[in-house]
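Scroll down for the structure; my scribbles are underneath it.
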Amino acid sequence: MTQTVLPGPRAHLTSPVTRTVLRVQNTITAAAREYLAGDGFVEMLPPIIGPVTDPGARGAKQVDVDFYGHRYKLMTSAILYKQASLLAFDRIFYIAPNVRLEPLETSSTARHLAEFHQIDVEVAHASRDDILLVAQGLVTHIVRRVVERMPAELAFLGRDPSSFAPLLDGPFGRMTHHEATKALHELEHDQSPDAEIDWTGERLLSAEHERPFFITDYPKGSRGFYDRENPDLPGMLQNFDLIAPEGYGELCSGSEREFEYRRIVARIRETGENPAKYGWYLDLVRDGIKGSAGFGIGLERLTRYIAGLEATWQANAYPKLPGVVSP
Amino acid sequence: MSGPERSGGAGGLSAPGFPEQQVRRRARLGAAAAFPDPEDYGQHLFGADPGRSAPDELDRARLVPPVFMPERLERLIDLGREPLHHDVDLTVEIGGFRSPLPVYLSAFGSTQVASSDLGLAVSEQAGRLGVPMVIGENVVPMNGYGRIDPAAGRTLLGRLHRYAAEAPDGLGGVVVQQSTEDADAEVWNLVYSDPTATRLLDTGRLAFELKVGQGAKPGLGGMTVLGAAAGRGVAGQYAVEELFGPDAGRVLRCSAPGTFTDEILRQQIRLMRNNFPRAQVWVKLHPGRDIAHAAEVAWAAGAASVTVDGAEGGSGWAPLSFLDHVGLPLAECLRRIGRPGGCLLASGRMWDGARIAKTLALGARAAGLGRAALIAADEDPAAGLSRLLACLDMELRLIVSALGKYTIEALGPEDVWGASPAMEGERTYDHHR
């Protein structure tokens, strides 16, 4: 495993490449806000700490915070708060910071950061298929805005805008997890039928596509407890990943959510957790929350794809790679 | 550990009801302890001891060498000379690891005996020999991570580091247990993302064990006795009871056992495989009456090994009624499982080669040493465990070769004559692996 050497903060922040990338990222967040506000969404400010956070991050350690003698967590994702926020509004989004102490092996994937941001979207009463359309519309709008408004920046970064023609031209592709597994087996990649598509598998599939595509219907056991299990097809989740083309890999994960108390408690146990630690959330769920669907787009990953960068860390002003000490 | 009856180990550990003195002798003498005292040779007439205590069916059963030994003939042809016990290969694959002996070290948990420096001494000796070792649940919640506090050598990462530093290439492995309470402290996530584990992960020698139950108290969670102050410290995470009176200065700490159904177990295993693709998944079961079904579910979901912890006690605190009356005997567990659908491990009163050999012949791939390892390390922290393992090595070679076999895999139910009729080779499967 080769260790990535990050530039110091002065070299990184004064680099013309970093400055251009951060300007592209600024256009991405502005375009996201423009699109979502136009679609009736309310932007809320996400919590940074809480008694509990998303346990669904594979293999990543959460960061403990001593909150006046109580163990709190930094958000690995704000999923539980997204569901709660629908008590206030039916369509919400955050641009949220997340911290995940990822396994050390991920420091060389070019895709993982220990600290990163998500464009987090949640819609009440939406189905998985409804939310796919929101994700597709949002990503398409963002890419269109960057292509329209930043031709000079893309040229400076060596990113050919015609790469996005297929994306701007039509709907994203779609395959089930089962089909993706089968395709990977045909590529002689040993993908487990019960697990997330692994990083190599994502890259292989991504390299075969010229526009983004959804992988849907992951098996239970590969995701957090909040991804809704298909009532008609037990063992299958009503969820998805959005995969960027050209080998850039996963951009976004989302799902229709579980919202019924009994089902959520059972699913929490299936993920090996003690339901007691989710006290505030379960109290809320017991009294009733809205059914919903939502997703989180990795902002640095989306920036990497649009800007055509070698690695995700280039899309963060203060990048933190797993296990690498940096400012 | 206090009380007037305790024995004289370095750490003052005692184990009433366990063959403690024999284990201590092994920890002092090593392989020589497989035989009577040589001082008595030529002066004593040795024979079976009719008063020998035989606490369970496995102990009452006998190992039964045949007269005709075709497998010995095969070995003779291989070697071009008569085979001896030195020619037995004791190496086995245990839950994805390679071990020079068909044994592994069971988890000691966070009990007072196990959280002392013995935990580190045991890690070092197990690592040096390449015998797989399980690090117990609750080591993190009770003793800490050991990541930022440099003095915390007895922590989880301290033990892991000590083992990894000693382990020879290609042998052994560390298994880190997590139970329902541990999920709060994210033991597996911690280990999987920590540099200490890199060497073991890179060589496929890290496993995570899902603790479904334990032999000492089937159906209950972990229990330990804590000082009152320590009890207050963990009261937010565990049930803490003033069982001994308000002024006793000590309290009972109880873990929740955790709720399992077949679907919960299946999905927990799948999630472990999904989240920790480079670690093996082990599952530890208490001796429940549906043990065969539970083991099948675990193997089918992808567990690299399933451990049956016999109802035989342990280093923790258990209600007396449970020790004497609750849980299937280990022999009955093995009988119900029959031919294992994957790697089966067994623990419970394992301390000598004969009991281990019977367990292996009845289907297990390896046996877990719990109290025996702790007592051996207590007798001599520097070398007691190594000597105990040397003695087991000698005994197992003698037993396996006496049965006319030269690998552990060759042992089968035909090698055991049971105390109860149901154990006498009524299973007709060709081979249990």
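Protein chains in written order, with our numbering: chain A, 1 to 327; chain B, 1001 to 1433. In this text, a Cβ means the ideal position worked out from N, Cα and C, and glycines have one as well. Keep in mind the model is a prediction, meaning the values are calculated, not measured.
Answer with yes or no whether the minimum CB distance from residue i to chain A is below 8 angstroms.
| i | result |
| --- | --- |
| glutamine 1267 of chain B | yes |
| phenylalanine 1276 of chain B | yes |
| serine 1106 of chain B | no |
| serine 1193 of chain B | yes |
| isoleucine 1135 of chain B | no |
| leucine 1076 of chain B | no |
| alanine 1207 of chain B | no |
| threonine 1259 of chain B | yes |
| leucine 975 of chain B | For residue 975 of chain B there is no data in the structure shown, the boundaries of chain B being 1001 and 1433. |
| leucine 1271 of chain B | yes |
| glutamate 1332 of chain B | no |
| glutamate 1263 of chain B | yes |
| alanine 1152 of chain B | Unreliable placement is indicated for alanine 1152 of chain B, whose pLDDT of 46 sits below 50; the coordinate value is still reported in the next sentence. No, its Cβ sits nowhere closer than 8 angstroms to a Cβ of chain A. |
| glutamate 1186 of chain B | yes |
| threonine 1180 of chain B | yes |
| alanine 1256 of chain B | yes |
Only counting the same chain, and skipping five residues up and downstream in sequence, which positions put a Cβ closer than 6 angstroms to that of residue i?
| i | result |
| --- | --- |
| phenylalanine 289 of chain A | Just to set this straight, residue 289 of chain A is isoleucine in the shown sequence, not phenylalanine. Closer than 6 angstroms at the Cβ level, and outside the excluded window around isoleucine 289 of chain A, lie Gln83, Phe259. |
| phenylalanine 89 of chain A | Val42 |
| valine 1064 of chain B | Trp1417 |
| valine 1067 of chain B | none |
| serine 974 of chain B | Since the first residue shown for chain B is 1001 and the last is 1433, residue 974 of chain B is missing from the structure and cannot be characterised. |
| proline 1132 of chain B | Ile1094, Phe1097, Ser1099, Tyr1104, Gly1172, Gly1173 |
Residue i bridges to which residues according to DSSP?
| i | result |
| --- | --- |
| tryptophan 1282 of chain B | B:Glu1209, B:Ser1305 |
| phenylalanine 93 of chain A | A:Glu43, A:Val121 |
| isoleucine 297 of chain A | A:Ile119, A:Cys252 |
| threonine 1407 of chain B | B:Asp1089 |
| histidine 340 of chain A | A query on residue 340 of chain A cannot be resolved here, the shown segment of chain A reaching from 1 to 327 and no further. |
| glutamate 1241 of chain B | B:Leu1252 |
| glycine 1188 of chain B | Looking at the sequence shown, residue 1188 of chain B is not glycine but tryptophan. Answer by DSSP bridge pairing: none, since tryptophan 1188 of chain B is not bridged. |
| tryptophan 1351 of chain B | Answer is none; tryptophan 1351 of chain B lacks a bridge partner. |
| serine 292 of chain A | A:Ala124 |
| methionine 1223 of chain B | B:Cys1254 |
| asparagine 239 of chain A | A:Ser255 |
| methionine 1133 of chain B | B:Leu1105, B:Val1174 |
| arginine 145 of chain A | DSSP lists no partner for arginine 145 of chain A. |
| alanine 1367 of chain B | B:Val1103, B:Ala1346 |
Once the 5 residues before and after residue i are set aside, which same chain residues still bring their CB inside 7 angstroms of it?
| i | result |
| --- | --- |
| cysteine 1333 of chain B | Pro1287, Ile1291, Val1308, Gly1310 |
| glycine 1130 of chain B | Ser1099, Pro1100, Ala1167, Pro1168, Leu1171, Gly1172 |
| arginine 1289 of chain B | Leu1328 |
| proline 55 of chain A | Gly224, Thr271, Glu273 |
| proline 1019 of chain B | Trp1351 |
| isoleucine 331 of chain A | Past the edges of chain A, shown from 1 to 327, lies residue 331 of chain A, and the structure says nothing about it. |
| glycine 158 of chain A | Gly308 |
Quick one: residues in its chain with C-beta nearer than 8 angstroms to the C-beta of residue i, no 5 flanking neighbours on either side, listed in chain order?
| i | result |
| --- | --- |
| isoleucine 264 of chain A | Phe225, Tyr226, Glu258, Leu282, Val285 |
| proline 1329 of chain B | Asp1056, Glu1057, Leu1058, Pro1287, Gly1310, Ala1311 |
| valine 134 of chain A | Asp39, Val121, Val123, Ala126, Phe295 |
| leucine 1300 of chain B | Sequence inspection shows alanine at residue 1300 of chain B; the leucine mentioned does not correspond to that position. Cβ neighbours of alanine 1300 of chain B beyond the five flanking positions: Arg1266, Gly1341. |
| leucine 299 of chain A | Gln25, Ile28, Thr29, Ile95, Phe116, His117, Gln118, Ile119, Ala315 |
| valine 143 of chain A | Phe164, Leu167, Leu168, Ile306 |
| leucine 1360 of chain B | Pro1102, Ala1366, Ala1367, Ile1408, Leu1411 |
Applying a beta-carbon distance threshold of less than 7 angstroms, which residues of chain E neighbour residue i?
| i | result |
| --- | --- |
| threonine 1198 of chain B | Of the chains in the structure shown, none is chain E; the protein chains are A and B. |
Beta-carbon of residue i versus every beta-carbon of chain B: anything under 8 angstroms?
| i | result |
| --- | --- |
| asparagine 274 of chain A | yes |
| serine 222 of chain A | yes |
| threonine 109 of chain A | no |
| proline 198 of chain A | In the sequence as presented, proline is not what sits at residue 198 of chain A; that position holds aspartate. Answer yes: the Cβ-Cβ gap between aspartate 198 of chain A and chain B drops below 8 angstroms somewhere. |
| lysine 61 of chain A | yes |
| threonine 29 of chain A | no |
| leucine 101 of chain A | yes |
| glutamate 186 of chain A | no |
| glycine 323 of chain A | yes |
| alanine 180 of chain A | no |
| arginine 58 of chain A | yes |
| glutamate 115 of chain A | no |
| arginine 19 of chain A | no |
| threonine 271 of chain A | yes |
| serine 163 of chain A | no |
Report the CB separation of residue i from residue j in whole angstroms; it is logged as a contact under 8 angstroms.
| i | j | result |
| --- | --- | --- |
| alanine 1402 of chain B | leucine 1385 of chain B | The pair is not a contact, with the Cβ atoms about 26 angstroms apart (cut-off 8 angstroms). |
| alanine 1121 of chain B | alanine 1377 of chain B | 5 angstroms |
| glutamate 1124 of chain B | arginine 1162 of chain B | 5 angstroms |
In chain order, each alpha helix (DSSP H) run of at least 4 residues that lies wholly inside the stretch 1088-1129 of chain B: DSSP runs (the alpha helix (DSSP H)) wholly in the stretch 1088-1129 of chain B: 1118-1129.
For a minimum of 3 consecutive residues, which ranges assigned as the beta strand (DSSP E) are wholly contained in the stretch 153-236 of chain A? Segments of the beta strand (DSSP E) lying fully in the stretch 153-236 of chain A: 173-176, 213-216.
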